[in-house]
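Take a look at the structure set out below.
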Amino acid sequence: MRYLIALWAVFWVSTVMAQTTYLLKPDRVFDGEAVHEGWVVRVKGERIEAAGPATSVSGNGAEVIDLKGTTLLPGLIEGHSHLLLHPYNETPWDDQVLKEARSLRVARATVHAKKTLMAGFTTVRDLGTEGAEYDDVGLKQAINQGIIPGPRMIVVTKALIATGSYAPKGFSPDINVPQGAEEADGHDALIRAVRTQIGKGADAIKIYADYRWGLMAEARPTFSIDEIRLIVETARSSGRGVVAHAGTAEGMRRAILGGCETIEHGDAGTPDVFALMKQHGTVLCPTLAAGDAVSQYRGWKKGQEPEPERLRQKRVTFKQALDAGVTICAGGDVGVFSHGDNARELEMMVDYGMKPLDVLRSATSVNADVFHLNDRGRIRPGLLADLVAVEGNPVREIADIRRIRLVLKGGILYRQ
Ligand SMILES: [Zn+2]
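Heads up: the sequence shown runs through residues 1 to 416, numbered per the UniProt record's numbering.
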């Protein structure tokens, strides 16, 4: 027994001694909710030990990091990424799914992970491998084991689609083409698919509640409300939430009533649908940057030509969602555009009518709350020391969020 206690003591001392203590001294701190001029933050090991006015936080035994001219924020949380995709103007989505080796996709994803972290995004909710099976699970493990630098990941693995509804499409009906997500329908098959994905490592379940289906170019609802309810009930019994891709009003309505926690895109939402979201506490992840990127890939010259109808309409529906008081999660659908360019979504949220302070809340405390991450998203004693310092003041000028001076994840300095 005495031996065990001694062994434990040696282990405890070596762990504590390995921890670095930092005192970070920026001009101001955005704590995830409000801005505090003249605050400092003390980090011990992987956690935040103290935050407050410089006179109230001890610097004893700490390595002081002078961050004059900067704003310190909680590590940013990307609400919608695909680390296993790269921009469609480099390689169309169909070709990534059908022609790229998974080993190639994973090799790229490791680079994407590093770029994301260096851009100040210390957590991503990665919403589907798009044909790369369960490769997000191994990627997450490689990051968590310290093998490669990258953000903390929430993964959904393959995502669920109703049979026949997804892509790649446009082939002869006589051949079966591998799809970018897992097809499942009806009671038993859906339960099995949800449980299998969870068993393989999914932290949440993603469904496609609508998609451009068959030979029609238009998006139409896919799963029935009963199917969505079943998916949600099955996921929820394991403590996991469900995320819905939905662009049509009816697809959104089914996702809301079925119990999904967030709706991705929501392009054709209406005031009625947004009122229903507000009523059910469903959160909108608008992915403004994806629409902006895709429009430019299709030839729109941004800044020279008027905005395409699709984007003008998106401005209208986003405003309707804000007016309805719907909670907005920050997520750009990164992968459609370059990893590391995540700030593009935050800039567009401001351009589309949100105040910079609200956008920064979305990308930190709001995303943390919506994704059930109660150990991060704020600068508060006891939370993970995921922190980012940027030159200037992004509360005044959102583009300052790109001017990264320092990135800390779990108390480890990745960029300074
Ligand atoms: Zn996506």
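Built from N, CA and C at the ideal position, the CB exists for glycine as well.
Indicate the three-state DSSP secondary structure (helix, strand or coil) for residue 134 in the structure shown.
coil
Quick one: is the Cβ of residue 347 within less than 7 Å of any heavy atom of ligand 1?
no
Would residue 219 pass as a contact of residue 226 if the rule is Cβ separation under 8 Å?
no
So, are the CB atoms of residue 406 and residue 388 less than 8 Å apart?
yes
Sort 338, 331 and 336 by Cα distance to residue 345 and report the nearest one.
The shortest C-alpha separation from residue 345 is found at 331.
Got a sec, what are the start and stop residues for the beta strand (DSSP E) residue 121 sits in?
121-126
Hey, is residue 182 close to ligand 1, as in C-beta under 7 Å from one of its heavy atoms?
no
In angstroms, rounded to a whole number, what distance separates the CA positions of residue 32 and residue 284?
19 Å
Which residues in the same chain as residue 359 place their Cβ atom closer than 8 Å to its Cβ, once the five residues preceding and following it in sequence are excluded?
330, 346, 349, 350 and 398
If you compare alpha carbons, which of 176, 385, 169 and 95 is closest to residue 217?
169
Look at residue 231 and residue 160 and say whether their C-beta atoms are less than 8 Å apart.
Between residue 231 and residue 160, the C-beta spacing is below 8 Å.
Can you give me the Cβ contacts of residue 13 inside the same chain, cut-off strictly under 8 Å, excluding the 5 residues immediately before and after it?
Summary for residue 13: the model assigns pLDDT 41, below 50, so the residue's position carries little reliability; its value from the coordinates is reported in the next sentence. If we look at residue 13 and ignore the five residues flanking it on each side, it has no Cβ neighbours.
For residue 364, which residues of its own chain have a beta-carbon under 6 Å away from its beta-carbon, when the five flanking residues on both sides are left out?
32, 74 and 377
Nearest by alpha-carbon distance to residue 294: which of 256, 311 and 62 is it?
311
Can you tell me where the beta strand (DSSP E) holding residue 246 begins and where it ends?
Boundaries of the beta strand (DSSP E) harbouring residue 246: 242-246, taken from the DSSP string.
Which of helix, strand or coil does DSSP assign to residue 100?
coil
Mind listing, in chain order, the residues whose beta carbon lies closer than 6 Å to a non-hydrogen atom of ligand 1?
80, 82, 127 and 333
Measuring alpha carbon to alpha carbon, tell me which of 375, 334, 183 and 321 ends up nearest residue 354.
321
For residue 37, which three-state DSSP category applies?
strand
State yes or no: is the C-beta of residue 235 within less than 8 Å of the C-beta of residue 241?
In contact: residue 235 and residue 241 (Cβ atoms closer than 8 Å).
Could you check what DSSP says for residue 153 in three-state terms: helix, strand or coil?
strand
Quick test of your reading: residue 410 and residue 46, contact by CB under 8 Å. State the CB separation rounded to the nearest angstrom.
4 Å
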